[in-house]
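Since the structure comes first, as structure tokens, the remarks are kept for the end.
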Amino acid sequence: LSDGGYIEQEAYGDIKLTEKGRIKASQIYFRHKTITTFLHEILGVDPEVAEADACLIEHDISNETMEKLAIFMRKLEEQG
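See the structure below:
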């Protein structure tokens, strides 16, 4: 993570996210939340299973599929 520019750490000191790290963490959280919501609220998957499955899916799903899923979820939300 340090080599990738996502965190900064002083020797034996605190570990802090860089701006790049904050952006990446935000993207991963968005993916996780969107996938978890889809699995639980749309497909009816048990919340704990949806959470665990989202952890597996969020790192492997393509950007294209994730974008389409996010659009789908936004449209559903807008419809009430």
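Under this note's numbering, the residue at position 75 of the sequence shown is numbered 75, and the numbers go up by one with no gaps.
Even for Gly, the Cβ is constructed at its ideal location relative to N, Cα and C.
Fair warning: this is a prediction, and the values are worked out from it, not measured in the lab.
The Cβ atoms of residue 76 and residue 53 lie no closer than 8 Å to each other.
Within the same chain, and ignoring the five residues on either side of residue 73 in sequence, the residues whose Cβ sits closer than 7 Å to its Cβ are 34, 37, 38. With fewer than 16 neighbouring CB atoms inside 10 Å of its own CB, residue 64 falls in the exposed class.
Among the bridge pairs identified by DSSP, residue 16 is matched with 8. In this model, residue 79 and residue 44 are separated by some 19 Å (Cα to Cα). Residue 68 has its alpha-carbon roughly 43 Å from the corresponding atom of residue 12.
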